[in-house]
Amino acid sequence: MKTIIKTHKIFPKIDGILHGGDYNPDQWLDRPDILKEDIRLMKKAGINCVTLGVFSWSSYERREDEFDFSWLKKVMDDLYENGIYTILATPSGSKPAWLDKKYPDAIRVDENGIKAHHGMRENHCMSSPNVERRIRVIDRKLAENFADHPGLLMWHISNEYTGYCYCDNCKQEFRRYLSKRFDGDIEKLNHAWWATFWSHTYNDFDEIDPPFMNGERSILGQNLEWRRFNTWNVCRSMKMEIDTLREVRADIPVTTNFMCLFEDFDYRVLAKELDYTSWDAYPFLHNDYESLSDTLYDNAFNHVLYACMKKDRPFMLMESAPGLVNWSPYNKYKRPGIHALMSFQALSCGSDTVQYFQIRKGRGCSEQFHGALIDHLGTDDTRIFKEVEDLGQKLLRVKNIQGSVRKSEVAVIFEWDVRWAVKDSWALSNETKNYDRTVMDSWKELAKMGMDPDIISSDDDFSEYKMIVAPMLYLLHDGVGEKIKEYVEGGGQFIATYFTGYVDKDTLCYLGGFPGQGLSEVFGIISEEIDTLYPKDSNEITFVKDGRKALVKDYQELLRVKDAKVLATYEQDYLKGTAAVTAKEHGKGNAWYVGCRLSPEDMHHIFDMTLDAAGIKGRSIPEGVEYHIRYADDKKYEFYLNMNAESVTIENVSGWELLSDKECNGSVTLQKYEIAVVDDSV
Ligand code: GLA
Ligand code: ZN
């Protein structure tokens, strides 16, 4: 059955792509001339929205309960009169000095038990009742004053939630959380945590501390639960803010800005509470250790990850740098053409916005040299300004893509519980486990084959995919084994690798053979040993069918083959002649198992086989060209992004190219860093 993809407009008030960025007028209140000029410059650059108030708490509430929103009202009014909308942040990302002074429990304690001093940002204790109360007050005031402002588009909750706190309040919350999680039964916890190990049996939840650096770190179930607790706690605080705003007016959409593959919180849990996902993209461009295309593919992985958290709607590129960032190890400017290329990369993956940090550079403090649309020079003829202005024009040409979304037949599984558990596991090598990299490499390889793969979790719906790849799915949530079995029986192609299904959701090992939860039946193998190689070691495998050889690095498993077909065998070492890659027909589908770490190119060879079995035709996309598709109603928009410094011709492209407003018939040639957006339903 054909799925109908409905157009989903995030911002009905904006006709086309939202083009905006963080703007800090409260830093310039003594310069009305500059605030006026900013509006002229924004309009010139095609900016139709700004994000205000991200760090404005002390500008709204200079002293406790003394509020002043007059400046914000004036700024929002002026912007609106000039056609510029506002995304308004709640200011909890940075707390005023008076608050820390009066309510010291607002300040975090670190993993060594050391209390911080007032300062910096994104560091309030999520369990402090005082902080919660003060956030409720300021958020409610904001909502009462601005929820009905015609220029308001959305609430931006806090900013880049970051880090854990180990204070007494958090300790108590953790204990309450654990008690709930284990039904108030300490024996359930002892069992799940294998607590007899090193005499760690607990009698009461009150005996449990967070995993302090110099405290308990050997109970892996506890470490994992601490991560889950912190996700739950930040989510609770975020929900408290959302509820406060919604008590005043319920129909303003909300988001919070995520960070590139950030590890501290399971973003999927947070995403469930949001209307839209958004993230801040700051890849280390033009570095000296990888190609531009490699850097940008990793960036695209993030885009797709966040897009797939809410698949029926676009996501938002909340921040990106015009020009440069100022906090990376080496702060290199975006080379000419890269700004548009990267902005279109976000759109190609399903974003309906291109937003910046920041509109104007501040004069002082640690971000004074961070890239911005408006430089200290203050003019509209800087290289960066002109590139943004040019992009503004381009965005107008693709306005019809607004509201279209992604759709793919292929998915890759990537999840936080697995990231955390793999990282915390005491085996393999901390130098080479590289869960994230391994998933990203598989995703990238499939993307290069024209698959535009989704990124999902094992809890997501599998039914729309013909093929699912799950690299290193070490930890299995309850029911995942059964789900994979049904998926394969129903005709799916499921590809697992070494280090799959070793532990349950509490990190307890499965008994009776890995992968657990019945998966050794599905795959027809048991993994008996996982062997960790030193960096200079390697092995080799040979594919039975065509004699093709492939290099093994880092990890190799000794597989016991039950009823799977052996696709490749090891060449060397004590594994010589044993199975390295297998497949088992199970019901209408196949369960593939790759028992060793192969290079992306060799995974490509395996994907050729699995895609073939899935009946999916790969597409040959030239090296260094990224390809993504967006759908809406009866429309299909194909994006080609040339990451190469040379021109390239792409075959089999037909339709209307929106940027040049010309038809392409059979092929399209892109110059260095050029982009094509082809409406092929025309
Ligand atoms: C983050 C923050 C912004 C700003 C930028 C600088 O994304 O959200 O406030 O500090 O980094 O790159
Ligand atoms: Zn705390």
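The numbering used here applies: residue 49 is where the sequence shown begins, and numbers increase by one. All C-beta atoms in this analysis are idealised placements derived from N, C-alpha and C, irrespective of residue type, glycine included.
To which residues of the same chain is residue i closer than 7 Å at the C-beta, ignoring the five residues directly before and after it?
i	result
Ser702	Cys712, Asn713, Gly714 and Asp728
Phe115	Tyr108, Glu109 and Lys189
Thr343	Pro331, Phe332, Leu333 and Asn335
Asn238	Thr249 and Tyr250
Asp63	Lys447
Is there a C-beta anywhere in chain C that falls below 7 Å from the one on residue i?
i	result
Lys597	Given the protein chain composition of this structure (a single chain), no chain C is represented.
In chain order, what residues of the same chain lie with their CB nearer than 6 Å to the CB of residue i, ignoring the 5 residues before and after it?
i	result
Ser396	His676 and Phe687
Leu567	Gly529 and Gly549
Asn271	Pro259 and Asp472
Leu89	Ile422 and Asp428
Val551	Leu523 and Cys557
Arg361	His56
Phe562	Gly549, Tyr550 and Ser575
Tell me whether residue i is buried or exposed, calling it buried when 16 or more other Cβ atoms sit within 10 Å of its Cβ.
i	result
Arg645	buried
Asp717	Here the sequence assigns Thr to residue 717, which means Asp is not the residue at that position. Classification for Thr717: exposed.
His424	exposed
Cys97	buried
Asn347	buried
His165	exposed
Ser456	buried
Asp419	The residue you asked about is not Asp; residue 419 is Gly in the sequence shown. Buried, by the Cβ-count rule.
Pro80	exposed
Thr697	exposed
Phe245	exposed
Cys283	buried
Asp153	buried
Met261	exposed
Val209	Per the sequence presented here, residue 209 reads as Tyr, with Val not at that position. So Tyr209 ends up on the buried side.
Lys584	exposed
Looking at the unbroken alpha helix (DSSP H) that takes in residue i, where does it start and where does it end?
i	result
Gly540	Gly540 -> no alpha helix (DSSP H), and no H or E assigned at all.
Gly440	Arg431 to Arg445
Glu85	Pro80 to Lys92
Ala661	Pro648 to Ala662
Phe591	Looking at the DSSP string, Phe591 is not in any alpha helix (DSSP H); the run it does join, the beta strand (DSSP E), is Asn587 to Phe591.
Thr486	Tyr483 to Lys496
Arg184	Pro177 to Phe194
Ile407	Taken as a continuous stretch (DSSP letters only), Ile407 belongs to no alpha helix (DSSP H), as it is neither H nor E.
Leu344	Leu340 to Cys356
Lys163	Careful: Lys163 lies outside any alpha helix (DSSP H) and carries neither H nor E.
Can you find the residues in the same chain that come closer than 8 Å, C-beta to C-beta, to residue i, ignoring five residues on each side of it along the sequence?
i	result
Arg454	Val352, Ala355, Cys356, Lys359, Cys397, Gly398, Asp500, Asp502, His676, Ile677, Arg678 and Tyr679
Ala616	Ile589, Thr590, Phe591, Val592, Ala598, Ala627, Ala628 and Val629
Met49	Its pLDDT being 42, under 50, Met49 is placed unreliably by the model, and the measurement read from it follows with that caveat. So the list is empty, once near-sequence residues are dropped.
Glu85	Gly426
Leu623	Asp579, Asn587, Gln604 and Leu606
Tyr546	Met520, Ser575, Ile578, Tyr603, Gln604, Glu605, Val642, Gly643, Cys644 and Arg645
Lys8	An answer regarding residue 8 cannot be provided, because it is not within the stretch 49 to 730 covered by the chain.
Val123	Pro73, Leu83 and Leu100
Quick one: give me the first and last residue of the beta strand (DSSP E) that residue i is part of.
i	result
Tyr679	Val673 to Ala680
Arg608	Lys597 to Val609
His387	First-last for His387: Ile386 to Ser396, but that is the alpha helix (DSSP H), not the beta strand (DSSP E).
Phe230	Taken as a continuous stretch (DSSP letters only), Phe230 belongs to no beta strand (DSSP E), as it is neither H nor E.
Met288	Careful: Met288 lies outside any beta strand (DSSP E), inside the alpha helix (DSSP H) at Leu268 to Val296.
Ile698	Val696 to Glu705
His56	Unbroken run through His56: none, as it is neither H nor E.
Phe306	Asn305 to Met307
Ile574	Ile573 to Thr580
Ala627	Ala627 to His634
Lys684	Lys683 to Asn690
Ile461	Val458 to Ile461
Met366	Phe363 to Ser368
Asn713	Lys710 to Leu718
Thr99	Cys97 to Leu100
### Message
I want to know whether the segment 382–392 touches the segment 327–337 - three or more CB-CB distances under 8 Å.
### Response
yes
### Task
Determine, using beta-carbon pairs with one atom in the segment 308–318 and one in the segment 272–282, whether at least three such pairs fall under 8 Å.
yes
### Message
Within 8 Å, do at least three Cβ pairs link the segment 449–467 to the segment 515–527?
### Response
yes
### Query
What residues come near the ligand ZN, if near means a beta carbon less than 6 Å from any of its heavy atoms?
Arg156, Cys173, Ser175, Cys213, Cys215, Asn217 and Cys218
### Task
Determine, using beta-carbon pairs with one atom in the segment 56–74 and one in the segment 405–414, whether at least three such pairs fall under 8 Å.
yes
### Message
Counting beta carbon pairs with one atom in the segment 569–584 and one in the segment 433–445, are three or more of them shorter than 8 Å?
### Response
no
### Message
If contact is defined by three or more beta carbon pairs under 8 Å, each pair taking one atom from either stretch, is the segment 167–175 in contact with the segment 138–151?
### Response
yes
### Task
Determine contact between the segment 291–303 and the segment 197–206, defined as no fewer than three beta-carbon pairs at a distance below 8 Å.
yes
### Message
Whether or not the segment 318–330 and the segment 362–371 are in contact is what I'm after, with contact meaning three or more pairs of Cβ atoms, one per stretch, closer than 8 Å; do they touch?
### Response
yes
### Task
Please confirm if the segment 657–666 is in contact with the segment 480–492, defined as three or more CB-CB distances below 8 Å between the two stretches.
no
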